[in-house]
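Colleague:
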Amino acid sequence: MIRWGMVLIAALLMAAPAQADDRVRVVASFSILGDFVRNVGADRVEVSTLVGPNGDAHVYTPSPADAKTIADARLVVVNGLGLEGWLPRLVQSSGGKATIVTATKGIKVREADADDDHGHGGGDHAHDHGKTDPHAWQSVPNAKIYVANIRDALIAADPAGAATYRANAEAYLAKLDALDRDVRAAVASIPAPRRKVISTHEAFGYFADAYGIAFIAPQGVSTESEASARDVASIITQIRKDKVPAVFLENISDPRLMQRISAETGAKIGGTLYSDSLTPENGDAPTYIDMVRHNIKTLTGALSS
Ligand SMILES: [Zn+2]
314 MIRWGMVLIA
324 ALLMAAPAQA
334 DDRVRVVASF
344 SILGDFVRNV
354 GADRVEVSTL
364 VGPNGDAHVY
374 TPSPADAKTI
384 ADARLVVVNG
394 LGLEGWLPRL
404 VQSSGGKATI
414 VTATKGIKVR
424 EADADDDHGH
434 GGGDHAHDHG
444 KTDPHAWQSV
454 PNAKIYVANI
464 RDALIAADPA
474 GAATYRANAE
484 AYLAKLDALD
494 RDVRAAVASI
504 PAPRRKVIST
514 HEAFGYFADA
524 YGIAFIAPQG
534 VSTESEASAR
544 DVASIITQIR
554 KDKVPAVFLE
564 NISDPRLMQR
574 ISAETGAKIG
584 GTLYSDSLTP
594 ENGDAPTYID
604 MVRHNIKTLT
614 GALSS
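Right, dumping it as structure tokens:
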């Protein structure tokens, strides 16, 4: 008995590393992409995420360990559309041979809001007009394109897993379809005149276009530049004029600006929205689906009454 037990343990010890080596090493630039890769790749992939939970992918500073992670990867999944400005240099310096997968390939790109007066008057304020909006994942139909791109890239990198990747993607895409229906039903429950909110940075443009809630933000499509006094004053005027019911905090942004705007206008703080990052496992949004469900619950909670 003891002997057989030892043989079994030896077999397990030998099997475990071999299995780990077989897995496709995938690096995702930020947490939301990491979640998509995990859903499609499941146990055939080993996913590392560079910008982790509650991190800000706009302004990330890569570490030497990140270069090593990329050097060992088969695939590097990125959002593109200008989100990860720090990534090309990191990939180059890593010296690796990973295939870069742009998850937004095929998405109808949204430009930053151009009908506001943010940034006029020069100074050191970065101008967002004509800038590409990278936050395409905030529309669930777009998330389905991300997932299809990731599925195709995994099949190309690991053809032996094709059937698994197709089945996993199909199951996950069905969940995203259900999620999309739920978001539409939730928005429909909000009285039309109340479908307008303030968020910290312009992260919900694709969500707004897909679902019909208007978002206004003092900060542009990147968190790199701070909101100017002029931007904040213009938002305050707009909240009063349009009777915007609520302002929202973001998990990746300093809450003080929104607290100030709320205090000056009387618009209530409706809660925290997850824009560019998931939370750790014990938070409100450890997965993309949790994130969208949390956001829509927060929005309807603040706007319905
Ligand atoms: Zn953002």
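Residue 388 in our numbering sits at position 75 of the sequence shown; the count goes up by one each step and never skips.
We put the beta carbon where it would ideally sit given N, CA and C, even for glycine.
Do you know how far the Cα of I383 is from the Cα of A480?
Modeller: As a working mapping, residue 480 is identified with position 167 in the sequence shown. As a working mapping, residue 383 is identified with position 70 in the sequence shown. Whole-angstrom Cα-Cα distance: 27 Å.
Colleague: Starting from the C-beta of S617, find all residues in its chain whose C-beta is less than 7 Å away, skip the five residues before and the five after it, and write them out in chain order.
Modeller: By one-based count along the sequence shown, residue 617 stands at place 304. Around S617: S502 and I503.
Colleague: For D603, which residues from the same chain have a beta carbon less than 6 Å from its beta carbon, with the 5 sequence-adjacent residues on both sides left out?
Modeller: By one-based count along the sequence shown, residue 603 stands at place 290. Within the same chain, D603 has no close Cβ partners at all.
Colleague: For Q405, count neighbouring C-beta atoms within 10 Å of its own C-beta (all shown protein chains included) and say buried if the count is 16 or more, exposed if not.
Modeller: As a first step, residue 405 is located in the sequence shown; it is residue number 92 there, counting from the start. By the neighbour-count rule (16 or more Cβ atoms within 10 Å), Q405 is not buried but exposed.
Colleague: Counting pairs of beta carbons, one from the stretch 461-477 and one from the stretch 381-401, are three or more of them closer than 8 Å?
Modeller: In short, these stretches touch, since the Cβ pair count reaches three.
Colleague: At a threshold of 8 Å, does I552 count as lining ligand 1 (C-beta to nearest heavy atom)?
Modeller: Numbered from 1 along the sequence shown, position 239 holds the residue referred to as residue 552. Every heavy atom of ligand 1 is 8 Å or more from the Cβ of I552, so no.
Colleague: Taking the continuous beta strand (DSSP E) assigned at R338, which residues delimit it?
Modeller: Against the sequence shown, residue 338 aligns to sequence position 25. Run containing R338: V337 to F343, per the beta strand (DSSP E) assignment.
Colleague: Assuming G398 contacts T415 under a Cβ cut-off of 8 Å, what Cβ separation, rounded to an integer in Å, is found between them?
Modeller: Within the sequence shown, residue 398 is the residue found at index 85, counting from 1. Within the sequence shown, residue 415 is the residue found at index 102, counting from 1. Incorrect: roughly 14 Å between the Cβ atoms, too far for contact.
Colleague: If you draw a straight line from the alpha carbon of K554 to that of D589, how long is it in whole angstroms?
Modeller: As a first step, residue 554 is located in the sequence shown; it is residue number 241 there, counting from the start. As a first step, residue 589 is located in the sequence shown; it is residue number 276 there, counting from the start. Rounded to the nearest angstrom, the two C-alpha atoms are 29 Å apart.
Colleague: Tell me which same chain residues have a C-beta within less than 6 Å of the C-beta of Y478, skipping the five on either side of it?
Modeller: On the sequence shown, position 165 is the one that residue 478 refers to. Result list for Y478: V353, R464, L467 and I468, in chain order.
Colleague: Where W450 and A456 are concerned, what is the direct C-alpha to C-alpha distance, given to the nearest angstrom?
Modeller: Counting from one through the sequence shown, the residue named residue 450 turns up at place 137. Counting from one through the sequence shown, the residue named residue 456 turns up at place 143. Approximately 5 Å between the Cα atoms of the pair.
Colleague: At a cut of 8 Å, does the stretch 412-426 reach the stretch 362-371 through at least three beta carbon pairs?
Modeller: No, they do not touch.
Colleague: Tell me the rounded alpha-carbon separation between V605 and L492.
Modeller: On the sequence shown, position 292 is the one that residue 605 refers to. On the sequence shown, position 179 is the one that residue 492 refers to. Whole-angstrom Cα-Cα distance: 8 Å.
Colleague: Is the distance from the Cβ of T513 to the Cβ of S452 below 9 Å?
Modeller: Sequence index remark: in the sequence shown, residue 513 carries index 200 (1-based). Sequence index remark: in the sequence shown, residue 452 carries index 139 (1-based). Going by C-beta atoms, T513 is not nearer than 9 Å to S452.
Colleague: Can you name the start and end residues of the beta strand (DSSP E) that S588 belongs to?
Modeller: For the purposes of this step, residue 588 is taken as residue 275 along the sequence shown, with counting starting at 1. Taken as a continuous stretch (DSSP letters only), S588 belongs to no beta strand (DSSP E), as it is neither H nor E.
Colleague: For the alpha helix (DSSP H) holding A627, just list the boundary residues, first then last.
Modeller: Residue 627 cannot be examined here, being either before or after the span of the chain that is shown, 314 to 618.
Colleague: Would you say the beta carbon of D335 comes nearer than 8 Å to a heavy atom of ligand 1?
Modeller: For the purposes of this step, residue 335 is identified with residue 22 of the sequence shown, where counting begins at 1. Because no heavy atom of ligand 1 lies under 8 Å away, the Cβ of D335 does not count as near it: no.
Colleague: Measuring alpha carbon to alpha carbon, tell me which residue in A475, L612 and L486 is nearest A461.
Modeller: Counted from its first residue, the sequence shown places residue 461 at position 148. Measuring from the Cα of A461, the nearest candidate turns out to be L486.
Colleague: Counting only runs of 4+ residues fully inside the stretch 504-576, write out the alpha helix (DSSP H) ranges in chain order.
Modeller: Listed in chain order, they are 518-524 and 542-555.
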